[in-house]
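Let me begin by presenting the structure, written as structure tokens, before commenting on it.
Protein chains in written order, with the UniProt record's numbering: chain A, 1 to 489; chain B, 1 to 66.
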């Protein structure tokens, strides 16, 4: 069996080719296109290597952000511009700001070392469209060196309409707009001020301008065929119900994906919401809202709310390996590793999609009611391949009459530190797994397994290294018997 | 008259630099500074001081004290 797990850490080209030649796929679909059944081929071609736009791609491809655009034209109540911490993982946080020249050096160094790299984003800590000169200089320099890296930006939308034509000209075909409201009265609770046309606007007036610019920007992107993802921050009691309305508006205007993210508001982050005690939603509240939105604009559920300088697969951050002081003074791009990795992935991926579609159809056919939530420890490649104690997050899937659907992830503190499990951490892990029925991992000790069982969560390492969906099908079968009796909630 | 930046509070985002109509703001060391000789307080260009309007940290871009 060809395991991507075995290949990903290998960055020696010959070794990678040798692994590939070992070959051996489990299904006849090996090597075929990995396109999911429900996707337009033209759209699939544009998102298939983008970890943020394709849930399927996020198992295989990595993104990096360069923090070249620190200036912002909006104040948000969930953002504190003074905050910076290497251990924090959340948007807006960055360890060092880069000039466009430094960013180019970093992108080349990462492209040489991280073969999974497919996407370069500029996502803050400021606004990429407002701090436009630096965004543009960076994109132009990078695409001259590495033409096949996909470029994307994240923006609050206020300055977006001014730059849509330039974005299109630079082949930026993925844009994320953060839209938290369509009702300026609600916006006034989220945005204390905006800077627009050389002055500061406050209150409902500020949010009205922002709303109009966001809708205009989205419509302009759609008209030019640029794929647009909408990010919304779910703020309980402020805009949670309202996001149903936001979803409707953005879908009507052609948004490709809607990503509802939980508010992060610890007091120590020093944000307005953090200091005023505004809480974020629980994992189950977030899921309930996402379920309500299902059927509107397609939902993204695999977002990790990564740092503005994150590097690597979603769910991992290798940013600290590529700080300026660790970069070579002179770098030159070597495409060999990225090309070899793509060959391997093209093959593995066809196999995975085939296995996934078999498992999904079997669950769909067999399960007539109820659902089962399964948390999976994985380090990529779409497989159950991480030890319980080493997991920094669990990917959560739901098996129901709709088949096997990815519903989100739960971040946890690593339970196992240097071989010893910490009981206090395990309590935190169990709390983070609220609502989950079964945990799948590559390995788990008896002790944590018993503690999970006492909390009503079954843990199993019987399906180690299987594809996630294949493992879940096996779980459904063993739980409900060969006849696959209907599940109960 | 001129404005000044309280360097201990400056996040070095640089928004003030590109909003300044007189080219009075430059990055120096770890912060942005305003050249008092060049600063016009935006008189004749805008109704309000652009640096103070765009600065994300309260009370960080303020009138120069003598």
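Even for Gly, the Cβ is constructed at its ideal location relative to N, Cα and C. Keep in mind that this is a model prediction, so the values were computed, not measured.
Along chain B, in chain order, which residues have C-beta atoms closer than 9 Å to that of residue i?
i: residue 70 of chain A; result: 11, 12, 13, 14 and 15
With 8 Å as the threshold, decide whether the Cβ of residue i is near any Cβ in chain B.
i: residue 272 of chain A; result: no
i: residue 105 of chain A; result: no
i: residue 81 of chain A; result: yes
i: residue 484 of chain A; result: In this prediction, residue 484 of chain A has a pLDDT of 47, which is less than 50 and means its spatial position is unreliable; nothing more can be read from the coordinates.
i: residue 249 of chain A; result: no
Answer with buried or exposed for residue i, where buried requires no fewer than 16 other C-beta atoms within 10 angstroms of its C-beta.
i: residue 290 of chain A; result: buried
i: residue 320 of chain A; result: exposed
i: residue 247 of chain A; result: buried
i: residue 44 of chain B; result: exposed
i: residue 36 of chain B; result: exposed
i: residue 348 of chain A; result: buried
i: residue 49 of chain B; result: buried
i: residue 154 of chain A; result: buried
i: residue 171 of chain A; result: exposed
i: residue 202 of chain A; result: exposed
i: residue 344 of chain A; result: buried
i: residue 339 of chain A; result: exposed
i: residue 402 of chain A; result: exposed
i: residue 53 of chain B; result: buried
i: residue 220 of chain A; result: buried
i: residue 22 of chain A; result: Low per-residue confidence applies at residue 22 of chain A: pLDDT is 43, beneath 50, and the placement is therefore not dependable enough to give any value.
i: residue 48 of chain A; result: buried
i: residue 97 of chain A; result: buried
i: residue 41 of chain A; result: exposed
i: residue 45 of chain A; result: exposed
i: residue 485 of chain A; result: Caution applies to residue 485 of chain A, whose pLDDT of 44 falls short of 50 and renders its modelled position unreliable; the value that the coordinates give is listed next. Result: exposed.
i: residue 271 of chain A; result: buried
i: residue 326 of chain A; result: exposed
i: residue 158 of chain A; result: buried
Output yes or no for whether 8 Å exceeds the beta carbon distance between residue i and residue j.
i: residue 4 of chain B; j: residue 57 of chain B; result: no
i: residue 122 of chain A; j: residue 69 of chain A; result: yes
i: residue 7 of chain B; j: residue 31 of chain B; result: yes
i: residue 309 of chain A; j: residue 65 of chain A; result: yes
i: residue 386 of chain A; j: residue 453 of chain A; result: no
i: residue 468 of chain A; j: residue 378 of chain A; result: yes
i: residue 228 of chain A; j: residue 190 of chain A; result: no
i: residue 280 of chain A; j: residue 262 of chain A; result: yes
i: residue 186 of chain A; j: residue 214 of chain A; result: no
i: residue 372 of chain A; j: residue 438 of chain A; result: yes
i: residue 490 of chain A; j: residue 426 of chain A; result: Chain A is shown only over 1 to 489; residue 490 of chain A falls outside these bounds and no answer can be derived.
i: residue 204 of chain A; j: residue 78 of chain A; result: no
i: residue 161 of chain A; j: residue 116 of chain A; result: no
i: residue 409 of chain A; j: residue 396 of chain A; result: yes
i: residue 383 of chain A; j: residue 465 of chain A; result: yes
i: residue 25 of chain B; j: residue 51 of chain B; result: yes
i: residue 540 of chain A; j: residue 125 of chain A; result: This structure gives no information on residue 540 of chain A, because the portion of chain A shown stretches from 1 to 489.
i: residue 259 of chain A; j: residue 300 of chain A; result: yes
i: residue 168 of chain A; j: residue 218 of chain A; result: no
i: residue 112 of chain A; j: residue 334 of chain A; result: yes
Is the CB of residue i under 8 Å away from at least one CB in chain A?
i: residue 48 of chain B; result: yes
i: residue 63 of chain B; result: no
For residue i, go through chain A and note every residue whose CB falls closer than 9 Å to its CB, in chain order.
i: residue 4 of chain B; result: Here the premise fails: no neighbours, minimum Cβ distance about 19 Å.
Quick one: list the residues of chain B neighbouring residue i, beta-carbon separation under 7 Å, in chain order.
i: residue 75 of chain A; result: 56
Notebook entry, point to check: Taking a cut of 8 Å between CB atoms, which residues from the region 196–213 of chain A lie near chain B?
Noted result: Within the region 196–213 of chain A, the qualifying residues are 198, 199 and 200.
Checklist line | Cβ-based contacts, 9 Å cut-off: residues of the region 109–130 of chain A near chain B | finding: The region 109–130 of chain A vs chain B, Cβ under 9 Å: 125, 126 and 130.
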